[in-house]
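Visitor: Protein sequences appear in the order of chains A and B. Take 34 as the starting number for the first sequence in our numbering and just add one per residue. Take 34 as the starting number for the second sequence in our numbering and just add one per residue. Where a beta carbon is used, it is the ideal one built from N, C-alpha and C, also for glycine.
Protein chains: 2
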Amino acid sequence: MNAPHAIPRQPLPDALLAALKERFGPALTTTPAVLEHHGKDESWHSIEAPDAVVYPATTDEVAEIVTLCAAHRVPIVPFGAGTSLEGHVLAISGGICVDMTRMNRVLAVHAEDLDATVEAGVTRKQLNRELAATGLFFPIDPGADATLAGMAATRASGTNAVRYGTMRESVLGMKAVLADGSVVQTAGRARKSSAGYDLTRLLVGSEGTLGIITELTVRLYPQPEAVSAATCAFTSVDAAVRTVIQTIQLGVPIARCELLDALTIGAVNRHSKLGLREAPMLFCEFHGTAAGVAEQAQIVQEIARELGGMDFQWTTLQEERTRLWQARHDAYPACLKLRPGNRAVATDVCVPISRLAECIAATNEDIARASMPIALFGHIGDGNFHLVILIDPENPKDIEEAQALNERVVMRALEMDGTCTGEHGIGFGKMDFLEAELGSAVLAMRAIKRALDPHNIMNPGKVVAID
Amino acid sequence: MNAPHAIPRQPLPDALLAALKERFGPALTTTPAVLEHHGKDESWHSIEAPDAVVYPATTDEVAEIVTLCAAHRVPIVPFGAGTSLEGHVLAISGGICVDMTRMNRVLAVHAEDLDATVEAGVTRKQLNRELAATGLFFPIDPGADATLAGMAATRASGTNAVRYGTMRESVLGMKAVLADGSVVQTAGRARKSSAGYDLTRLLVGSEGTLGIITELTVRLYPQPEAVSAATCAFTSVDAAVRTVIQTIQLGVPIARCELLDALTIGAVNRHSKLGLREAPMLFCEFHGTAAGVAEQAQIVQEIARELGGMDFQWTTLQEERTRLWQARHDAYPACLKLRPGNRAVATDVCVPISRLAECIAATNEDIARASMPIALFGHIGDGNFHLVILIDPENPKDIEEAQALNERVVMRALEMDGTCTGEHGIGFGKMDFLEAELGSAVLAMRAIKRALDPHNIMNPGKVVAID
């Protein structure tokens, strides 16, 4: 057990199991393999299985499940694609896992309003497939094909955030079931509103600890008339970061801007059969009119050249772009292959971009001293980068070393006015870092948690610990 | 008294007044004229003066004031520029007004990070003056020269929101004093973060009812290389709205996009000495490279022409642009002159843009039946529009008619999946509409209010009523 704030497991009350079985029939399961599947995410943490998994088909069914669990004070863990990275979905206190993947309908696409209303279990790729004919797209793209409610719950982002924002900016409103079984709609479909406390943004990033998101309305964007992608190698991370700072300062509306270090490029070359120079590289993308993207690419190329950029290449061909971005999205599995059989401690910090080169340089010194391979890559336009620290999860020394490195990297980011997680979230893996980052503000978070979930049944032991 | 949820005024405890006087000396005042000035905003509501006004100079002083008031259970109303429109700053339950305008320093400008940290009382124009030499600007621009903390507290926006977002998207983090006198920092300066509940967004729009914002870090943007402004008249509001929908669908990154109806154009012509055709008009602005803005203006002109747009004019001259936007920002005082001596019931709704033309058409029928002049204008790219309903505040019939119209307009917006306020906020003027809009979600807001302000001392009787 790695979760420091888990409440002790209690046996599942027979009466609750009987009531759920009666109500949900085959949509309720206690098959060990299914429980095990729902007891893990993509983190290195060991399995913590729930006592049962239920697959609701509607918001009302979610409300029934929560009402039943609330009556028995039994923990509830919502589950999407299971791609979280800090143990968010592990049933560390047992209880009922609510698998949202059967709620997978796109309910409405409002093309004129540039929004879509979807059920919780719709994934980002599914939504984009269903949007293909509309000329619109949904830009938020964590590497995994996560569910949209899961992405909202962890405040996910990805490669497009520098231009299109994160789930924080993308969710217009949502329907959610709160801890007492009540159903709330947090907002309508207006682009902006000053009506009351921002429950939408409170639930975005709450990781299932304040309620279960069952439907959400997300912002869409017109597919750009023209898209070009560019790659450029540098002799140093610093030169790559300087290129990005100057690009953003000039107001170039860059859509994607990714940094991959030499080790990651090597892993990506092998995994995705690319032949890129094994040096720090930028992957960029420009969206706009044909003239606009040509102009953007030219400005960035000039900046990069002055800073020693090499091998600048750009393309507007869809096939080449898709290959490039698939390779970027596969960086995580590519890095996992650096030491086959290993798991990864994947950490993620975000700092003001003016500190990014310094932060990465110091981190590279840590990496040079480490006993295991560690890849570094990230969303440089936002100051957000990841480490993939490869460990043998059976080896306590590996775990200890990885955790010590994680702590060093996080504390360094905090000293630079950054955050302990740019997009992965807190789960149970970063609760102590949240305290280190925000101090007394965590007391206010606890007060909110207690107010909305007085019996601590909603994904307990995650984000903030309450007694 | 127009405030339906005010708690009864209590005499100010002598001990509190003595303690504040001792601590704050001349920065504490009970001069009647000053109290009266702090008992009103720009709404039509009659004055509700506080019992004393104190002018803190630091966050610690704000914390001392709150701690003292909390010990005596005395209401606290934060005050900025006094430009709110729904009675937000009226001391409807008496108590201490905390005037934040002495905290007016720009603490830091981080040019590379595109952010600035300011004290609560810095106004938007002051910030832009101090930024002038940096090549950066702060885009959020409600008509008034409001303080940034006031703008954050009401989740303000303005003409640039269609491109740059609202205060919701603009605040990276803030320092605030909570109801128990504790000081919290809600976030650092990272562009994005998944660390815990989004207290920043919870305080944005909380109107002083959850805490007093004392410092905030806001996003800045590079001044665009080129800017052009355009005006175009239409034979109908519908044609203007269609023009905007098609523009946005094409992905034109329009920076400003304002609709003014014929009555407003007439008022603006007289107030700002312009000679515009008295017809529904769009005022637009484009930001980008020189080639980019020319391309954007050409696309919009073509769309407008196909929809019957007339008198399309565009300019890149700073002087003409400034004149145009000052005229737009002066629309509210210009409309007040339509019936001299009157006050205005200024209401503000926001709907999905696909419903905007229909919503405005129905509203225009209401306006045609009304007994007073009513101007209509707004931020059409967001689906947000305002009515300025001119009333004699001494005439109960005027008030009754204006309130009935306000209710019709709001309820129509809600039926169209919109919101009862796009940018003005709830204050005490729209509390019942908030309930109509969000129903059971208001119960969750009340639970949060009770958790963070158990004695209901923070701007009581606003946003949500608690017992």
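How is the beta strand (DSSP E) around I332 of chain A delimited, first residue to last?
Guide: Here I332 of chain A belongs to no beta strand (DSSP E); instead the alpha helix (DSSP H) covers A323 to E339.
Visitor: Between B:L350, B:G284 and B:W358, which has its C-alpha nearest L315 of chain B's C-alpha?
Guide: Checking every option, the nearest Cα to that of L315 of chain B belongs to B:W358.
Visitor: Roughly how far, in whole angstroms, is the beta-carbon of E291 of chain B from the beta-carbon of H412 of chain B, given that I think they are within contact range, below 8 Å?
Guide: Contact holds; Cβ gap of about 6 Å.
Visitor: To the nearest angstrom, how far is it from the Cα of P37 of chain A to the Cα of T134 of chain A?
Guide: Rounded to whole angstroms, P37 of chain A to T134 of chain A spans 29 Å at the Cα level.
Visitor: Going by DSSP, which residues form a beta bridge with F461 of chain A?
Guide: Note: F461 of chain A sits in no beta bridge, so no partner.
Visitor: How is the beta strand (DSSP E) around L211 of chain B delimited, first residue to last?
Guide: V204 to L211 is the span of the beta strand (DSSP E), which, as asked, contains L211 of chain B.
Visitor: Tell me the residue span of the alpha helix (DSSP H) that contains C392 of chain B.
Guide: Segment L389 to R402, the alpha helix (DSSP H) holding C392 of chain B.
Visitor: Can we say the region 294 to 309 of chain B touches the region 240 to 257 of chain B, given the rule of at least three CB pairs closer than 8 Å?
Guide: Result no; under three Cβ-Cβ pairs closer than 8 Å.
Visitor: In or out: A48 of chain B buried (at least 16 other Cβ within 10 Å) or exposed?
Guide: Looking at its Cβ environment, which holds fewer than 16 other Cβ atoms inside 10 Å, A48 of chain B is exposed.
Visitor: For the beta strand (DSSP E) containing T233 of chain B, list its first residue and its last residue.
Guide: Run containing T233 of chain B: none in the beta strand (DSSP E); it sits in the alpha helix (DSSP H), L232 to L236.
Visitor: Over what stretch of residues does the alpha helix (DSSP H) that includes R356 of chain A continue unbroken?
Guide: From DSSP, the alpha helix (DSSP H) with R356 of chain A extends over Q351 to H362.
Visitor: May I ask you to list the residues that DSSP assigns as paired with D132 of chain A?
Guide: D132 of chain A is bridged to A:F112.
Visitor: I want to verify the contact list: residues of chain B whose CB lies under 9 Å from the CB of K225 of chain A, in sequence order.
Guide: Near K225 of chain A (Cβ distances below 9 Å), the residues of chain B are R188, S190, A194, G198, T199, R201, C383, H412, D415, G416, N417, T452, G455 and E456.
Visitor: Buried or exposed: where does T268 of chain B fall if 16 or more other Cβ atoms within 10 Å of its Cβ makes it buried?
Guide: Exposed.
Visitor: I believe L485 of chain A touches L211 of chain A by the beta-carbon criterion, under 8 Å. Please report the beta-carbon distance rounded to the nearest angstrom.
Guide: With 8 Å as the limit, L485 of chain A and L211 of chain A qualify as a contact, their Cβ atoms being about 6 Å apart.
Visitor: For P255 of chain A, which residues in chain B fall below 7 Å Cβ to Cβ?
Guide: Neighbours of P255 of chain A on chain B, chain order: Q282, L283 and G284.
Visitor: Any idea if I490 of chain B is buried or exposed, counting beta-carbon neighbours within 10 angstroms, 16 or more meaning buried?
Guide: I490 of chain B is buried by the Cβ-count criterion.
Visitor: Excluding the 5 residues flanking G206 of chain B on each side, which residues of the same chain have their C-beta closer than 8 Å to its C-beta?
Guide: Around G206 of chain B: Q218, T219, A220, G221, R222, T233, L249 and T250.
Visitor: Mapping the DSSP letters down to three states, classify L467 of chain B as helix, strand or coil.
Guide: Of the three classes helix, strand and coil, the one that applies to L467 of chain B here is helix, per DSSP.
Visitor: In the DSSP assignment, the alpha helix (DSSP H) including R441 of chain B goes from what residue to what residue?
Guide: Run containing R441 of chain B: P429 to E448, per the alpha helix (DSSP H) assignment.
Visitor: What do you reckon, are the CB atoms on G458 of chain B and C392 of chain B nearer than 9 Å?
Guide: Contact: no.
Visitor: I want to see whether chain A comes within less than 9 Å of E328 of chain B, judged by CB atoms only; does it?
Guide: Cβ-Cβ to chain A under 9 Å: yes for E328 of chain B.
Visitor: By how many angstroms is the C-alpha of G113 of chain B removed from the C-alpha of T180 of chain B?
Guide: If you take the alpha carbons of T180 of chain B and G113 of chain B, they lie about 6 Å apart.
Visitor: Could you name the residues of the region 307 to 341 of chain A whose beta carbon sits closer than 7 Å to any beta carbon of chain B, in the order they occur along the chain?
Guide: Within the region 307 to 341 of chain A, the residues whose Cβ lies closer than 7 Å to some Cβ of chain B are T322, A324, G325 and E328, listed in chain order.
Visitor: Hey, would you say L340 of chain A sits closer than 9 Å to P313 of chain A, going by beta carbons?
Guide: For L340 of chain A and P313 of chain A, no; Cβs fall outside 9 Å.
Visitor: Just reading off the alpha helix (DSSP H) that H419 of chain B is part of, what are its end residues?
Guide: Segment N417 to I424 is the beta strand (DSSP E) holding H419 of chain B; no alpha helix (DSSP H) there.
Visitor: Counting pairs of beta carbons, one from the region 363 to 371 of chain B and one from the region 391 to 409 of chain B, are three or more of them closer than 8 Å?
Guide: Because the criterion of three Cβ pairs below 8 Å is met, the region 363 to 371 of chain B and the region 391 to 409 of chain B touch.
Visitor: Quick one: what's got a C-beta closer than 6 Å to T116 of chain A's C-beta in the same chain, skipping five residues either side?
Guide: Excluding residues within five positions, the ones whose Cβ falls inside 6 Å are E75, A177 and A179.
Visitor: Tell me whether the region 84 to 97 of chain B and the region 134 to 144 of chain B touch, counting them as touching only if at least three CB pairs, one residue from each stretch, are closer than 8 Å.
Guide: Enough Cβ pairs lie closer than 8 Å, so yes.
Visitor: Mind pulling the chain A residues with CB within less than 7 Å of A484 of chain B?
Guide: A480, I481, R483 and A484, listed in chain order.
Visitor: Going by beta-carbon coordinates alone, are P255 of chain B and G168 of chain B separated by less than 9 Å?
Guide: Their beta carbons are under 9 Å apart, which means P255 of chain B touches G168 of chain B by this criterion.
Visitor: Apply the 10 Å Cβ neighbour rule to E158 of chain A and answer buried if 16 or more other Cβ atoms are within range, or exposed otherwise.
Guide: The amino acid at residue 158 of chain A is misidentified as Glu; the sequence shows Lys. When all chains shown are included, K158 of chain A counts as exposed.
Visitor: Does the beta-carbon distance from L101 of chain B to A85 of chain B come in below 9 Å?
Guide: Result no, Cβ atoms of L101 of chain B and A85 of chain B do not sit closer than 9 Å.
Visitor: What are the boundary residues of the beta strand (DSSP E) that L140 of chain B is part of?
Guide: It spans V139 to H143 - the beta strand (DSSP E) in which L140 of chain B sits, taken as one unbroken run.
Visitor: 9 Å is my cut-off, CB to CB: does Q218 of chain A come that close to chain B?
Guide: Cβ-Cβ to chain B under 9 Å: yes for Q218 of chain A.
Visitor: Distance cutoff 9 Å, beta carbons only. Does V122 of chain A sit that close to anything in chain B?
Guide: So, not an interface residue.
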